[in-house]
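Chemist: Got a structure for you, questions after.
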Amino acid sequence: IVTDTLQTTFLVTAVILSIYFMAKGLDFGIVDTFEAVKESSYSKIFFWDDFVGSKANFWKQFLGGIFVTIAMTGLDQDLMQKNLSMGTIKEAQKNMITFTSVFVVINIFFLAVGALLYIYAAKNGIDVTQLATRDYLYPEIALNHLAIVPAIIFMMGLTAATFATTDSALTALTTSFCVDFLNFNKKENPNDPALIKQRNYVHFGFSIVMLLVILVFKLINDDSVVNAIFTAASYTYGPLLGLFVFGIFTKYAVRDNAVPYICVLSPTVLFLLKTYVIEVYTPYVIGLDLIIINGFITFVMLLISSPGKASEKALSHN
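Right under this line is the structure:
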């Protein structure tokens, strides 16, 4: 809790102070800053037109966002742990509502930072098109066009944002591997020095794996990190969403030995379908609805492979 509070404090502080220093560099007051963002083209939130040819269409964003949230947060025990650890359902619901309310406000500040970055770049002659990706605009302005204090704040915010996800991911990977593959939960003495040493090796190993994944991701990615993350999440979390919907809304059993193959086959089929059929022969542009299509393919495959309805005993047990 303490580390999460520190990370969040640094991140939010970096966002607020970034707005302050950019507004100062633009000679804007508080009212001027909000007016500039409001009057710019970057303040438009909802795009209702061109459902077929635009990723930004409201319904693609809205529906895709719902299912991304369900899959990436609601079905992820690591991210739900703070809610699952509450004493009662009412407390957990209160925690989720409070978090969501705060999250909306923080998102507005993040969007304001994004708009101010482009406004600042336009006023100071920074050619955004010359940057490798739009992700470099923030460090370009923070490190090369503002004073040393904003640069330090940028590094603090970047570190906080990175640690907020990396530490929990490494912990989850280490725990999962130690419990599911090394059966640590069946050991008589989990505090045995040999087991602790083995766990440290596993943790170090996953740290190296994560570093390699980040390096490979940097080499192959030519889009903004946010877009790339949501695309990757739509491929990896789609099967989880399909499994969840299948289990909740049907009474059919699954072939346990077929599930891993289906979860790998579904995103593979979707990638091939998207790359060689939809993008080539149709005007439809897939956005955040990618996860919905992925989940649907998984659902259909589970339905086709199902041996039939599950027994009442199995349903009551589940």
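The sequence shown: position 301 = 292 (our numbering), numbered continuously.
Note that CB positions come from ideal geometry on N, CA and C, so glycine has one too.
When burial is assigned at 16 or more other CB atoms within 10 Å of the CB, is residue 285 buried or exposed?
Modeler: By 1-based counting over the sequence shown, the position of residue 285 is 294. Result: buried.
Chemist: Return the CA-CA distance between residue 168 and residue 189, expressed in angstroms with no decimal places.
Modeler: Counting from one through the sequence shown, the residue named residue 168 turns up at place 177. Counting from one through the sequence shown, the residue named residue 189 turns up at place 198. In a straight line, the C-alpha of residue 168 is about 11 Å away from that of residue 189.
Chemist: Is there contact between the stretch 45 to 64 and the stretch 225 to 242, where contact requires at least three CB pairs shorter than 8 Å?
Modeler: The stretch 45 to 64, when compared against the stretch 225 to 242, does touch it at the 8 Å Cβ threshold.
Chemist: Specify, as a first and last residue, the run of the alpha helix (DSSP H) that residue 232 falls within.
Modeler: Taking the first residue of the sequence shown as position 1, residue 232 is located at position 241. Residues 216 to 240.
Chemist: Considering only residues of the same chain and omitting the five flanking positions on each side of residue 176, which have a CB-CB separation below 8 Å?
Modeler: As a position in the sequence shown, residue 176 is number 185, starting the count at 1. Counting only Cβ-Cβ distances below 8 Å, and skipping sequence neighbours, we find 170.
Chemist: Start and end of the alpha helix (DSSP H) containing residue 28?
Modeler: Here residue 28 corresponds to residue number 37 of the sequence shown, with the count starting at 1. Counting along the chain, the alpha helix (DSSP H) containing residue 28 begins and ends at 21 to 30.
Chemist: Go to residue 101, then tell me how far its alpha helix (DSSP H) extends in each direction, as first and last residue.
Modeler: In the sequence shown, counting from the first residue as 1, residue 101 sits at position 110. Run containing residue 101: 80 to 114, per the alpha helix (DSSP H) assignment.
Chemist: With DSSP as the reference, label residue 176 as helix, strand or coil.
Modeler: Taking the sequence shown and counting its residues from 1, the one referred to as residue 176 is at position 185. Note: residue 176 maps to helix in three-state DSSP.
Chemist: From residue 2 to residue 264, what does the alpha carbon distance come to, in whole angstroms?
Modeler: For the purposes of this step, residue 2 is identified with residue 11 of the sequence shown, where counting begins at 1. For the purposes of this step, residue 264 is identified with residue 273 of the sequence shown, where counting begins at 1. About 39 Å.
Chemist: Write down the C-beta distance between residue 24 and residue 7 rounded to the nearest angstrom, noting that I regard them as a contact closer than 8 Å.
Modeler: Numbered from its first residue, the sequence shown carries residue 24 at position 33. Numbered from its first residue, the sequence shown carries residue 7 at position 16. No, residue 24 and residue 7 are not in contact; Cβ-Cβ is about 12 Å, not under 8 Å.
Chemist: Do residue 233 and residue 289 have their C-beta atoms within less than 7 Å of each other?
Modeler: In the sequence shown, residue 233 corresponds to position 242, counting from 1. In the sequence shown, residue 289 corresponds to position 298, counting from 1. Yes, Cβ-Cβ distance for residue 233 and residue 289 is below 7 Å.
Chemist: At the level of alpha carbons, what is the spacing between residue 22 and residue 140?
Modeler: Against the sequence shown, residue 22 aligns to sequence position 31. Against the sequence shown, residue 140 aligns to sequence position 149. If I take the Cα positions, the gap works out to 23 Å.
Chemist: Name the DSSP beta bridge partners of residue 300, please?
Modeler: Position 309 of the sequence shown, counted from the first residue, corresponds to residue 300. Residue 300 is bridged to 243.
Chemist: Taking its Cβ as the centre, do 16 or more other Cβ atoms sit within 10 Å of residue 52, making it buried, or is it exposed?
Modeler: Position 61 of the sequence shown holds residue 52. Buried, because 16 or more other Cβ atoms sit within 10 Å of the Cβ of residue 52.
Chemist: Taking one C-beta from the stretch 91 to 109 and one from the stretch 32 to 39 each time, how about it: are there three or more such pairs within less than 8 Å?
Modeler: Flag = yes, the stretch 91 to 109 and the stretch 32 to 39 touch.
Chemist: Smallest Cα separation from residue 282: which of 113, 258 and 271?
Modeler: Stepping through the sequence shown from its first residue, residue 282 is reached at position 291. Closest option to residue 282, Cα to Cα, is 258.
Chemist: Looking at residue 20: is its Cβ nearer than 7 Å to the Cβ of residue 279?
Modeler: On the sequence shown, residue 20 is found 29 positions in, with the first residue counted as 1. On the sequence shown, residue 279 is found 288 positions in, with the first residue counted as 1. Not closer than 7 Å, so no.
Chemist: Do residue 203 and residue 12 have their C-beta atoms closer together than 7 Å?
Modeler: Residue numbering aside, residue 203 sits at position 212 when the sequence shown is read from its first letter. Residue numbering aside, residue 12 sits at position 21 when the sequence shown is read from its first letter. Their beta carbons are not under 7 Å apart, which means residue 203 does not touch residue 12 by this criterion.
Chemist: Taking all protein chains shown into account, decide if residue 0 is buried (16 or more other Cβ within 10 angstroms of its Cβ) or exposed.
Modeler: The residue you call residue 0 lines up with position 9 of the sequence shown. By the neighbour-count rule (16 or more Cβ atoms within 10 Å), residue 0 is not buried but exposed.
Chemist: Quick one: residues in its chain with C-beta nearer than 7 Å to the C-beta of residue 97, no 5 flanking neighbours on either side, listed in chain order?
Modeler: Walking along the sequence shown from the start, residue 97 turns up at place 106. Here the set comprises 3.
Chemist: Taking the alpha-carbon positions, what's the residue 247 to residue 255 distance?
Modeler: The sequence position of residue 247 within the sequence shown is 256, counting from 1. The sequence position of residue 255 within the sequence shown is 264, counting from 1. Spanning the two alpha carbons is a distance of roughly 14 Å.
Chemist: Given a cut-off of 7 Å, decide if residue 144 and residue 14 are closer than it, judged by their beta-carbon atoms.
Modeler: Looking up residue 14 in the sequence shown gives position 23. Looking up residue 144 in the sequence shown gives position 153. No, the Cβ-Cβ distance between residue 14 and residue 144 is not below 7 Å.
Chemist: Between which two residues does the alpha helix (DSSP H) harbouring residue 209 extend?
Modeler: Reading the sequence shown from its first residue, position 218 is the one you call residue 209. Counting along the chain, the alpha helix (DSSP H) containing residue 209 begins and ends at 184 to 211.
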